[in-house]
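Working notes, structure below.
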Amino acid sequence: MKKKGIMISLIVSLFLISGLSIWLYSTIRSPLAAEGEDARSVALNHDLLTTVSDVSHYYGGDSYWVLEGTNDDGEDQLLFLHEDYEESDEYYLLSPHEGVEKSEMVDTVSQELNVTSFESIRLGVENGQPVYEFTYVTNGSRVFYYTLFETGAYLKSYSIHTAA
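Here it is in structure tokens:
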């Protein structure tokens, strides 16, 4: 009887912790999701894009929303919208063809750095230039490696030592 009570307590505790974790995650993410919808609205209402298929957030020297969509002619576009667009009016609107393809950059950076897999590959803006940000872990460090979107040229990199 005592074992059954302990088992029930553990199961109830597990459900409570899981529920609390999901609620906490949703609560933390909801402002970011709302801001993403605001970025989508800005892009559509200011006629920067006609449709928006994807929205992501980039944290760098400045924060940007990166939106993938199409223009009036149905051509694919990438919009790099400054997080404070309403105040700064800063954005970059490019065709994906104006930059190096993601798959080509992955191959190039993988070979140059001898990296077999990346944690993430994101578009963003650094020093006023659209970039690819490659993140990977090697030798106990998380490495951030940046290349220019338009040329594929190396921009910068840095690493953060992670606990072993």
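Residue numbering for the sequence shown follows our numbering, starting at 175 and increasing by one per position. Yeah, the Cβ is synthetic: ideal placement off N, Cα and C, and Gly gets one too. Keep in mind that this is a model prediction, so the values were computed, not measured.
*State the CB to CB distance for the pair Tyr-306 and Phe-292, rounded to an integer number of angstroms; the pair is presumed to be in contact (CB under 8 Å).*
Between Tyr-306 and Phe-292 the beta-carbon gap is near 10 Å, outside 8 Å, which marks them as no contact.
*asked:* Any contact between the stretch 307 to 319 and the stretch 239 to 250? By contact I mean 3 or more CB pairs, one from each, below 8 Å.
replied: no
_DSSP bridge partner residues for Ser-331 (one or two, in chain order)_ = Tyr-319
*Cβ of Tyr-266 within 9 Å of Cβ of Val-216?*
The criterion of a C-beta distance shorter than 9 Å is not satisfied by Tyr-266 and Val-216.
*By the 10 Å Cβ neighbour count, where 16 or more other Cβ atoms means buried, how is Val-186 classified, buried or exposed?*
exposed
*asked:* On the CB-based measure, 16 or more other CB atoms within 10 Å of its CB, does Gly-314 come out buried or exposed?
replied: exposed
*Under 9 Å between the Cβ atoms of Leu-222 and Leu-253?*
yes
*asked:* Tell me the DSSP secondary structure of Phe-254 in three-state form.
replied: Note: Phe-254 maps to strand in three-state DSSP.
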